[in-house]
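Below is one structure; the comments refer to it alone.
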Amino acid sequence: MTYNFTAKQVEVNKERIFYLEGGIEKTSTPILFLHGWGVGIQPYQEVLNVLCNRYQVIAPELPGFGKSSGSVINWNYQDYAKFLIAFLHKININKVHLIGHSVGGGISATIAALMPNIVESLILVDSTGIPVEPVPLVMAQRVIEMTAQLPQIKFPQIVQVFQGFSYNLFWRTQNTIKVLLLSLEKDLKAILPEITSPCLIVWGKNDLTTPISAAQEL
-11 MTYNFTAKQV EVNKERIFYL EGGIEKTSTP ILFLHGWGVG IQPYQEVLNV
39 LCNRYQVIAP ELPGFGKSSG SVINWNYQDY AKFLIAFLHK ININKVHLIG
89 HSVGGGISAT IAALMPNIVE SLILVDSTGI PVEPVPLVMA QRVIEMTAQL
139 PQIKFPQIVQ VFQGFSYNLF WRTQNTIKVL LLSLEKDLKA ILPEITSPCL
189 IVWGKNDLTT PISAAQEL
């Protein structure tokens, strides 16, 4: 498959945001795809290629990750959600199909609760939003379990995940840890009744880092 996307940048609230845009012409509601914790958009190439066969796809890197600015940002889900709503306004997008993976799912759910009129549909993939305990143990466990899964992943994907994760971990350590803590500690169940868009929850039953019990709670 050809990775046929255009790399773009835009300034939103004094932050420089890097994003990819591709797919069909602007004749239908586009997809806004939000990546997960610890990486940027690069490891999602295969998924984005499939989506762009039928939709216009917009895939930003969150502030503090990848090529976007923001070295240390102590934000909560609502802060990220409001920022991304401003991002959509900046690029003249009024309505989206919203897909979020991991912490991107928690942010997506918050956007759908805050601004239901701009979310035509919502897909949460192995989403955060259900707190876990004890946090220090789970943090260590996630690193170990992610490492254990590497032999099962295709080599190019391993390289992409390693490049993105190592860059964020070593060069944006504080932000990476803060977002991990946000994903482990923040409970989003209270906002779920505010979501009126059609919603699909997608989970891998063998997911080691975000257990399927979280999907059952959602």
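Counted the way our numbering counts, the sequence shown spans residues -11 to 206. Note that CB positions come from ideal geometry on N, CA and C, so glycine has one too.
(message) Please report the straight-line C-alpha distance between cysteine 187 and alanine 101, rounded to a whole angstrom.
(response) 12 Å
(request) Consult DSSP for phenylalanine 53 and reduce its assignment to one of helix, strand or coil. (result) coil
(request) Look up histidine 77 in the DSSP assignment and say whether it is helix, strand or coil. (result) helix
(request) Ignore the nearest five residues each way along the sequence and tell me which others in valine -2's own chain have a CB closer than 8 Å to its CB. (result) Arg4, Ile5, Tyr7, Phe75, Lys78 and Ile79
(request) Starting from the C-beta of lysine 70, find all residues in its chain whose C-beta is less than 8 Å away, skip the five residues before and the five after it, and write them out in chain order. (result) Leu102
(request) Look at isoleucine 183 and proline 119 and say whether their C-beta atoms are less than 8 Å apart. (result) no
(request) Along the beta strand (DSSP E) that carries glycine 10, what are the first and last residues, could you check? (result) 3 to 11
(request) Could you check what DSSP says for glycine 88 in three-state terms: helix, strand or coil? (result) strand
(request) Note down, one range per segment and in chain order, each alpha helix (DSSP H) of at least 4 residues found wholly within the segment 88 to 116. (result) 91 to 102
(request) Would you kindly report the start and end of the unbroken beta strand (DSSP E) that includes glutamine 33? (result) Careful: glutamine 33 lies outside any beta strand (DSSP E), inside the alpha helix (DSSP H) at 33 to 39.
(message) Taking 8 Å as the threshold (C-beta atoms), are isoleucine 29 and glutamate 49 in contact?
(response) yes
(request) Compute the distance between the beta-carbons of glycine 117 and leucine 22, then report whether it is under 8 Å. (result) no
(request) Keeping to the same chain, check which residues put their C-beta closer than 6 Å to that of threonine 198; ignore five residues upstream and five downstream. (result) Asp114
(message) Can you check which of these residues, Gly192, Glu205 and His85, is closest to glutamine 44 by C-alpha distance?
(response) His85
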